[in-house]
Ligand SMILES: Nc1ncnc2c1ncn2[C@@H]1O[C@H](COP(=O)(O)OP(=O)(O)O)[C@@H](O)[C@H]1O
Ligand SMILES: [Mg+2]
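Numbering (full-length UniProt numbering), first residue to last: 1 to 299.
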């Protein structure tokens, strides 16, 4: 299956599910589908990295398989693990059978091999996101979210999936994707990813959108907002992002702010309105003080 026919079609179909994007992003997403290469999306928090994967899922009618990365994520959570409890039960059950059959049993070695084959079978396998995505026969988007939060060693686990779309389980053999998933990796760039991972991916740097696009996004998500105040809001957000804040406001905060202004029926984004609602946008006391000061000075 081809995911998208052209970059223009990406813009159109993602737009139809509410994700407004530019040609550069659309082109990279198109290529990820056409070349069947994983797409690594890097950029600050809240610029639409995760949402891009969700939008591709919605636009193509695929299903999303998500691996959320975190410190301490391991093979057993990312790929697969054996269901030890069930294996143990099977071993106990076989022992009981053997006692019953006493006298008919073969050599001890045979018995062990038999048990081993029994308990390392599909029935005892617990599949985790990477393996699930590889095995699915329907269109699948595999989102490996916030890769930079894992330890570097985990990237090693990803390599086989990213380059060959396969997973090797020593006891079962190699499982190869019959239908390659559309893979999106995201990173907030809190650390450099390994060259090995980067080499296997197409790279997209996502940043805050320009004022026009952000206004479009805000208005599409909060249609009740007046256009004039949307323009003021986006301009103010832009100014806040220029300050050196602990946490710059993201698109999600612009949208929240828009909802807040509508809920409070605020018609003019003046000093008082900003003071009253800035908590929706900035989440650190020091950022708050600084912003109030700077916004006043520049008026
Ligand atoms: N291009 C876009 N079009 C529409 N909404 C967007 C877009 N980019 C971001 N958003 C909004 O911003 C929010 C945060 O985006 P998200 O993907 O969670 O950020 P992150 O980059 O941290 O993964 C989303 O829930 C979505 O509402
Ligand atoms: Mg995210």
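Glycine included, each C-beta is placed from N, C-alpha and C at the ideal position. It should be emphasised that the depicted structure is a prediction, and the values quoted were computed from it without experimental measurement.
Is any heavy atom of ligand 2 found at a distance shorter than 7 Å from the C-beta of residue 145?
Here the question's residue 145 lines up with position 145 in the chain shown. Because some heavy atom of ligand 2 lies under 7 Å away, the Cβ of residue 145 counts as near it: yes.
Looking at the unbroken beta strand (DSSP E) that takes in residue 300, where does it start and where does it end?
Given a span of 1 to 299 for the chain in the structure shown, any question on residue 300 remains unanswerable.
Which residue wins for smallest C-alpha separation from residue 240, given the options 291, 166, 211 and 283?
On the chain shown, residue 240 is found 240 positions in, with the first residue counted as 1. Nearest C-alpha to residue 240: 291.
Using the Cβ count rule (16 or more neighbours within 10 Å means buried), how would you classify residue 33?
Walking along the chain shown from the start, residue 33 turns up at place 33. It is buried - the Cβ of residue 33 has at least 16 other Cβ atoms within 10 Å.
Under 8 Å between C-beta atoms, does residue 175 make it to chain C?
Among the chains in the structure shown there is no chain C, since it carries only a single protein chain.
Note down, in chain order, each residue of its chain lying with its Cβ closer than 6 Å to the Cβ of residue 4, except the 5 sequence neighbours on either side.
Working through the chain shown from its first residue, we reach residue 4 at position 4. Only 10, 30 and 33 meet the Cβ criterion.
Could you give the distance in angstroms between the alpha-carbon of residue 78 and the alpha-carbon of residue 72?
Within the chain shown, residue 78 is the residue found at index 78, counting from 1. Within the chain shown, residue 72 is the residue found at index 72, counting from 1. Their Cα atoms are separated by approximately 11 Å.
Per DSSP, residue 141 is paired with what?
As a working mapping, residue 141 is identified with position 141 in the chain shown. Residue 141 is bridged to 64 and 182.
What distance in whole Å lies between the Cβ atoms of residue 122 and residue 307, which are believed to be in contact at a cut-off of 8 Å?
The chain is shown from 1 up to 299; residue 307 falls before or after that span and cannot be answered.
Which full runs of the beta strand (DSSP E) of 3+ residues lie inside the stretch 143 to 171, going along the chain?
166 to 169
Please identify the residue among 188, 48, 172 and 196 whose C-alpha is closest to the C-alpha of residue 160.
Here residue 160 refers to the residue found at position 160 of the chain shown. Residue 160 has its Cα closest to that of 196, out of 188, 48, 172 and 196.
With the cut-off set at 8 Å, would you say residue 254 and residue 274 are in Cβ contact?
Looking up residue 254 in the chain shown gives position 254. Looking up residue 274 in the chain shown gives position 274. No; because the gap between Cβ atoms is not below 8 Å, this pair is not in contact.
When every heavy atom of ligand 3 is checked, does at least one fall within less than 7 Å of the C-beta of residue 149?
The model on display carries ligand 1 and ligand 2 but not ligand 3.
Label residue 134 either buried or exposed according to how many other C-beta atoms from any shown protein chain fall within 10 Å of its C-beta, with 16 as the threshold for buried.
If you number the chain shown from 1, residue 134 lands on position 134. Under this definition residue 134 is a buried residue.
Taking the alpha-carbon positions, what's the residue 269 to residue 76 distance?
Along the chain shown, one-based indexing puts residue 269 at 269. Along the chain shown, one-based indexing puts residue 76 at 76. So the two alpha carbons sit approximately 51 Å from each other.
Within the stretch 199 to 228, note down every full alpha helix (DSSP H) run reaching 4 residues or more, in order along the chain.
211 to 221
Cβ of residue 250 versus every heavy atom of ligand 1: is any distance shorter than 7 Å?
As a position in the chain shown, residue 250 is number 250, starting the count at 1. For ligand 1, at least one heavy atom lies less than 7 Å from the Cβ of residue 250.
Quick one: residues in its chain with C-beta nearer than 6 Å to the C-beta of residue 154, no 5 flanking neighbours on either side, listed in chain order?
Taking the chain shown and counting its residues from 1, the one referred to as residue 154 is at position 154. If we look at residue 154 and ignore the five residues flanking it on each side, its Cβ neighbours are 73.
Nearest to residue 148 by alpha carbon, out of 205, 180, 84 and 69?
Here the question's residue 148 lines up with position 148 in the chain shown. Measuring from the Cα of residue 148, the nearest candidate turns out to be 69.
Quick check on residue 47: does DSSP put it in helix, strand or coil?
What you label residue 47 is simply residue 47 of the chain shown in a count that begins at 1. Coil, per DSSP.
Given this structure, state the Cα-to-Cα distance separating residue 216 from residue 22, to the nearest angstrom.
By 1-based counting over the chain shown, the position of residue 216 is 216. By 1-based counting over the chain shown, the position of residue 22 is 22. Taking the straight line joining both Cα atoms gives about 12 Å.
Using a Cβ-based criterion (distance less than 7 Å to any ligand heavy atom), does residue 49 qualify as near ligand 2?
Walking along the chain shown from the start, residue 49 turns up at place 49. Under cutoff, so the answer is yes.
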